[in-house]
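Q: Could you have a look at this structure, given as structure tokens, before my questions?
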Amino acid sequence: MKARFDPFAAAGPRWFAIEARRPFLEDLAAGVLDWLGDHPPETLSDAVILLPNRRAARAFTTALGRQAGGRAILLPQVRPLGDLEEDEPPFAPGELGLDLPPSIAPLTRRFEMARMIVEDFRPGLSPLRALEMADALGGFLDSCQLEEVEDLQKVATLVEGDLAEHWRESAEFLALAVEAWPKRLAAMGLVDPAWR
């Protein structure tokens with residue numbers, strides 16, 4: 008069994024900087040690929056890249072694809088540290104001119120998703136299992152929002168006929184949930200935080 012890739016095992020610098028005049032995301036993507044070296048493409052999927060906001064996260068994944076130049080890689084987890092909140096200086100809600108519905112509170116979202124799962128998809132499911140499924144569904148939907156997935160309805164077509172039954176059930180559940188959750192949010196007059 009091959010040893011797991013450890014980026015800190017080799018001697019060398021541990022701190023890097025990109026000059027202000029340089030294209031930051033392109034240089035970061037090139038540096039990440041250089042860091043990957045000859046290791047298998049799935050190695051990057053264990054990495055977490057933190058960037059200042061969602062726009063930078065999306066632009067970084069695009070830059071990584073360009074820098075890979077056709078080389079097969081699995082993307083790292085790219086997470087935004089935060090975005091400007093509309094009620095924080097220097098912006099006030101009136102200055103933004105946005106008429107967005109409020110976002111659902113995290114705890115409310117978790118319990119509403121669990122309720123939806125039990126009521127619409129898995130009657131008789133234990134509360135603990137419903138909360139676990141709600142957490143997984145919430146993470147999936149947030150990732151789709153972050154990656155700007157256009158058509159979530161295609162989830163149902165991802166599983167081919169010869170795969171195990173639980174894969175088909177998962178795909179069917181996701182296909183129904185990605186349709187039902189936005190309707191439930193709209194009925195409450197709310198949106199997902201990742202959507203905003």
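Each number in my numbering corresponds to the 1-based position in the sequence shown with 7 added.
Ideal Cβ positions, reconstructed from N, Cα and C, are used throughout, including at glycine.
In this text the structure is predicted, and so the values were computed from the model without any measurement.
Let me know the secondary structure DSSP gives residue 32 once reduced to three states.
A: By 1-based counting over the sequence shown, the position of residue 32 is 25. In the structure shown, residue 32 sits in a helix (DSSP, three-state: H, G or I).
Q: Where does residue 198 sit, in a helix, a strand or coil, going by DSSP?
A: The residue labelled residue 198 in the question sits at position 191 within the sequence shown. Strand, per DSSP.
Q: Would you report the Cα separation of residue 154 and residue 182, rounded to the nearest angstrom?
A: In the sequence shown, counting from the first residue as 1, residue 154 sits at position 147. In the sequence shown, counting from the first residue as 1, residue 182 sits at position 175. If you take the alpha carbons of residue 154 and residue 182, they lie about 18 Å apart.
Q: Please report how far the alpha carbon of residue 51 lies from the alpha carbon of residue 66, in whole angstroms.
A: Counted from its first residue, the sequence shown places residue 51 at position 44. Counted from its first residue, the sequence shown places residue 66 at position 59. If I take the Cα positions, the gap works out to 17 Å.
Q: Anyone know if the C-beta pair for residue 87 and residue 58 falls short of 9 Å?
A: As a position in the sequence shown, residue 87 is number 80, starting the count at 1. As a position in the sequence shown, residue 58 is number 51, starting the count at 1. Contact: yes.
Q: Compute the beta-carbon to beta-carbon distance between residue 140 and residue 191, rounded to the nearest angstrom, for a pair I have assumed lies under 8 Å.
A: Taking the sequence shown and counting its residues from 1, one reaches residue 140 at position 133. Taking the sequence shown and counting its residues from 1, one reaches residue 191 at position 184. Actually they are not in contact, since the Cβ atoms of residue 140 and residue 191 sit about 15 Å apart, beyond 8 Å.
Q: Given that a residue counts as buried once 16 or more other Cβ atoms are within 10 Å of its Cβ, and exposed if not, what is residue 99?
A: Numbered from 1 along the sequence shown, position 92 holds the residue referred to as residue 99. Because residue 99 sits at a pLDDT of 48, beneath the cut-off of 50, its placement in the model cannot be relied upon, and the following sentence gives the value as read from the coordinates. Flag for residue 99 reads exposed.
Q: Classify residue 195 as buried or exposed, calling it buried when 16 or more other Cβ atoms lie within 10 Å of its own Cβ.
A: What you label residue 195 is simply residue 188 of the sequence shown in a count that begins at 1. Residue 195 comes out exposed.
Q: Once DSSP output is grouped into helix, strand and coil, what is the label at residue 191?
A: Within the sequence shown, numbered from 1, the residue matching residue 191 stands at position 184. Looking at residue 191 - three-state DSSP - the assignment turns out to be helix.
Q: Answer with buried or exposed for residue 35, where buried requires no fewer than 16 other C-beta atoms within 10 angstroms of its C-beta.
A: Counted from its first residue, the sequence shown places residue 35 at position 28. Residue 35 comes out buried.
Q: Can residue 200 and residue 149 be called in contact, C-beta distance under 9 Å?
A: Translated into the one-based positions of the sequence shown, residue 200 becomes position 193. Translated into the one-based positions of the sequence shown, residue 149 becomes position 142. Going by C-beta atoms, residue 200 is nearer than 9 Å to residue 149.
Q: Residue 44: buried (16+ other C-beta within 10 angstroms of its C-beta) or exposed?
A: Here the question's residue 44 lines up with position 37 in the sequence shown. With fewer than 16 Cβ atoms within 10 Å of its Cβ, residue 44 is classed as exposed.
Q: Going by DSSP, what residue range makes up the alpha helix (DSSP H) through residue 152?
A: The residue given as residue 152 occupies position 145 in the sequence shown. Segment 134-153, the alpha helix (DSSP H) holding residue 152.
Q: Give me the DSSP bridge partner(s) of residue 110.
A: What you label residue 110 is simply residue 103 of the sequence shown in a count that begins at 1. DSSP lists 198 as partners of residue 110.
Q: Have a look at residue 95 and residue 75 and give me their C-alpha separation to the nearest angstrom.
A: Counting from one through the sequence shown, the residue named residue 95 turns up at place 88. Counting from one through the sequence shown, the residue named residue 75 turns up at place 68. Legend: pLDDT at residue 95 = 47, less than 50; position of this residue unreliable, no value from coordinates given.
Q: Measuring straight from C-alpha to C-alpha, what distance separates residue 114 and residue 145?
A: Walking along the sequence shown from the start, residue 114 turns up at place 107. Walking along the sequence shown from the start, residue 145 turns up at place 138. In a straight line, the C-alpha of residue 114 is about 11 Å away from that of residue 145.
Q: Can you name the residues that DSSP bridges to residue 56?
A: Position 49 of the sequence shown, counting from 1, holds the residue named residue 56. DSSP output for residue 56 lists 85 as bridge partner(s).
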